[in-house]
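Report on the following structure.
Numbering (the numbering used here), first residue to last: 915 to 1177.
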């Protein structure tokens, strides 16, 4: 059999070839169907890496594991030694039935704990039944990913630690507003905190971008634009919004622009 080696993204999920993700074993395995979620959770892992005694985490797109042999390889080489495997399934068990079956077999014959989460934000009794934890725990884990954003992704990882350690140290889910202010590396942002980053007397330049970038933690281009505006002698006013056609978002953006006297 021809075996391909690829990265953890789902770039080859339409292929009929067996693939080997070649990920080393880790205590925590997270599988999802969204490359944006792979990226977001990878950033959350990187943020937590500065803290001591962190569990190893592997993240992959399960759409790359369509071939049964790919699933078998991944379980044998990576998931078999995990403490917990979390799978965020879009469309229920039928869309990745062999993977679900084999992970269930692993959990039934080992100490690996298993969590299946709904990928569309809606409760799925079947997924909860197949999980090693009760519905309340599964719902609390889902809430972090449903809310989106880097802070909640970090909270999701901390909640996984709570599940494994029987602790309660994860922060609560932080709902992401329809629109609001943003600044790199700041978790809570209001106009005062933005003002502290500004230069006296400089003109204000608004930067309005889609809320989806906040949800995915994909704000690096915005961060670069903020840096460029500051180097040009301007005071950036970064604002995210679900859509300027959304009434709530439009009001928040307009009010923020007015208060900041943005150009």
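Backbone N, C-alpha and C define an ideal beta-carbon position, used for all residues, glycine too.
Residue 1155 is bridged by DSSP to 1093, 1124. Bridge partners of residue 975 according to DSSP: 946. In the three-state DSSP reduction, residue 964 falls in the coil class, being neither helix nor strand. Note that the region 1114 to 1129 does not touch the region 1097 to 1105; fewer than 3 beta-carbon pairs, one per stretch, sit closer than 8 Å. Of all alpha-carbon atoms in 1068, 1098, 1076, 1106, the one lying nearest the alpha-carbon of residue 1088 is that of 1068. If you ignore the 5 residues before and after residue 1150, its C-beta comes within less than 6 Å of the C-beta of 1119, 1121, 1140, 1143, all in its own chain and listed in chain order. In the DSSP assignment, residue 1018 falls within the alpha helix (DSSP H) that extends over 1011 to 1022. The beta carbon of residue 1051 lies closer than 7 Å to those of 1077 in the same chain, with the five residues before and after it left out. For residue 1163, the enclosing alpha helix (DSSP H) has its first and last residue at 1161 to 1174. Burial check for residue 964: the Cβ neighbour count within 10 Å stays below 16, so the residue is exposed.
Take the alpha-carbon of residue 1040 and the one of residue 1048: they are about 12 Å apart.
DSSP places residue 1027 inside the beta strand (DSSP E), whose first and last residues are 1027 to 1032.
Your pair residue 1097 and residue 1152 checks out as a contact, with CB atoms roughly 6 Å apart and the cut at 8 Å. Membership of residue 1041 in the alpha helix (DSSP H) is indicated by the continuous run 1039 to 1044.
The region 1009 to 1023 makes no contact with the region 950 to 968: fewer than 3 CB pairs, one atom from each, lie closer than 8 Å. Residue state for residue 1119 is assigned as strand, using DSSP reduced to three classes. If you ignore the 5 residues before and after residue 969, its C-beta comes within less than 6 Å of the C-beta of 941, 942, all in its own chain and listed in chain order.
As the crow flies, the alpha-carbon of residue 1065 is around 18 Å from that of residue 949.
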